[in-house]
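What follows is one structure encoded as C-alpha cells, with my remarks underneath.
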Amino acid sequence: MITVRIWFEKRNEASYISLLDLQRVMQRVLKRSGLPVWHTLGFNPHIYMTFTCPLSLGQESLCESVDVKTEAEAPDFAAWQASLNAIMPAGIRVFRVEPARDKASAIAFACYTIRYPAAAAGCLAGYNALDAAPVEKKGKKGSKQVDLKAYIPALAGRAEGDSVRFDVCLPAAQELNLNPSLLTAFLEERFGAPAAEAAILRTALLKADRTPFC
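Just so you know, we're using the UniProt record's numbering here: the sequence shown kicks off at 1 and counts up by one.
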C-alpha cells in the first residue's frame, strides 16, 4: 500500500469551497478519474483521504495537498496528474503527485503573502511601531491571548501597482496554529484596514528546520 500525496493550487473562486465541500469534490473527481485509489472497508466504503493543514474559507493557496492510498505497485504519477486535472473544477490545479514522505505532524510553519489596497500601507508602519499586538485565539479548548509581535516582529511592505504586499510566516503546528486572519482582524481593529480587503495567499508549508514539507 502506497500513500500518494496530491499537491494542488486552490485559487480564485475555489477559495470559497469549504473543507467539507472540498472533500466531496475530491471524492467525485477521484471516482470519475478511474485511478486505482484504495477505499475504506465496512458497511459504507469510501475513498481514504487526508487533507494537510486545511485553509480557512476565502484564503487562496499554492500548496494544498491531499493524501490517498493505492495498491498499485508502480503508479504513473504523471498520468495521475493529467487525469485529475482533466476533470478538476475551476480554480483547482494539480501540480504534482508523488509518494508521501513527511507526516503531517512535521509541519511547523505556514507562509503567506497578504495584499491590501495601497491606501492601507500606513497600517504597516503603525503595526511596526507597536511594542505588542495582543489577539485572542479561539480554539476547541477555549480562548487564549497571543502576542502577534512574538511571531511577526515587523511587516515589510512592498508596493505592487495599486496594492501593497507583505509576507509572513506563522506557526502551523499541532501545538500552536495561527491563522493570518488574526493579523488582518488586528489591523482592522487598530488601524482601520478592512480585513475584507486583504487577499491572503498561502505560499509554503515548512518543517521545524524551515525546509519545505513534502
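Note that beta-carbon positions come from the ideal geometry of N, C-alpha and C, so glycine has one too.
Residue i - DSSP class collapsed to helix/strand/coil
| i | result |
| --- | --- |
| Asp-131 | coil |
| Asp-21 | helix |
| Phe-213 | coil |
| Ala-120 | helix |
| Gly-126 | helix |
| Ala-104 | helix |
| residue 227 | Only positions 1 to 214 of the chain appear in this structure, which leaves residue 227 out of reach. |
| Tyr-16 | helix |
| Ala-110 | strand |
Residue i to residue j span [Cα, whole Å]
| i | j | result |
| --- | --- | --- |
| Arg-11 | Phe-186 | 25 Å |
| Pro-45 | Glu-197 | 42 Å |
| Ala-120 | Val-164 | 8 Å |
| Gln-23 | Ala-129 | 42 Å |
| Glu-160 | Leu-206 | 26 Å |
| Leu-176 | Gly-122 | 29 Å |
| Thr-113 | Pro-36 | 36 Å |
| Gln-59 | Cys-169 | 15 Å |
| Glu-136 | Ala-172 | 16 Å |
| Arg-5 | Ala-195 | 33 Å |
| Tyr-116 | Val-25 | 30 Å |
| Asp-82 | Ala-108 | It should be noted that the sequence gives Ala, not Asp, for residue 82. For Ala-82 and Ala-108, the distance between alpha carbons rounds to 31 Å. |
| residue 215 | Ile-2 | Nothing in the structure corresponds to residue 215, since the chain is present only between 1 and 214. |
| Ser-65 | Thr-184 | 25 Å |
| Ser-181 | Lys-144 | 16 Å |
| Thr-52 | Glu-73 | 24 Å |
| Ala-208 | Ser-105 | 10 Å |
| Ser-15 | Ala-132 | 31 Å |
| Arg-32 | Arg-210 | 37 Å |
| Phe-213 | Met-49 | 18 Å |
| Ala-150 | Asp-167 | 16 Å |
| Trp-99 | Trp-7 | Note that residue 99 is Pro in the sequence shown here, rather than Trp. So the two alpha carbons sit approximately 11 Å from each other. |
| Pro-75 | Trp-38 | 13 Å |
| Ala-193 | Ile-200 | 14 Å |
| Ser-56 | Ser-18 | 8 Å |
Limits of the unbroken beta strand (DSSP E) element including residue i
| i | result |
| --- | --- |
| Ser-143 | 142-147 |
| Arg-5 | 2-10 |
Among the options, nearest to residue i - alpha-carbon criterion
| i | options | result |
| --- | --- | --- |
| Glu-189 | Gly-126, Glu-71, Phe-213 | Gly-126 |
| Leu-124 | Gly-139, Ala-154, Lys-149, Gln-145 | Ala-154 |
| Ala-118 | Lys-103, Asp-147, Arg-158 | Arg-158 |
| Cys-111 | Asn-179, Ile-92, Val-146, Thr-70 | Asn-179 |
| Gly-34 | Thr-50, Thr-70, Ala-132, Pro-54 | Thr-70 |
| Ala-78 | Arg-96, Asp-131, Leu-201 | Arg-96 |
| Ile-47 | Cys-63, Asp-67, Pro-54, Ser-56 | Asp-67 |
| Ile-92 | Glu-13, Ala-204, Arg-28, Leu-55 | Glu-13 |
| Gln-174 | Gly-139, Ser-61, Ala-90 | Gly-139 |
| Gln-27 | Leu-57, Glu-9, Gly-42, Met-88 | Met-88 |
| Leu-84 | Ala-90, Leu-30, Arg-101, Phe-43 | Leu-30 |
*Scan the stretch 21-87 and note each continuous beta strand (DSSP E) run of 3 residues or more that stays entirely inside, going in chain order.*
60-70
*Whole beta strand (DSSP E) runs in the stretch 152-209 with 3 or more residues, listed along the chain?*
158-160, 163-171, 199-207
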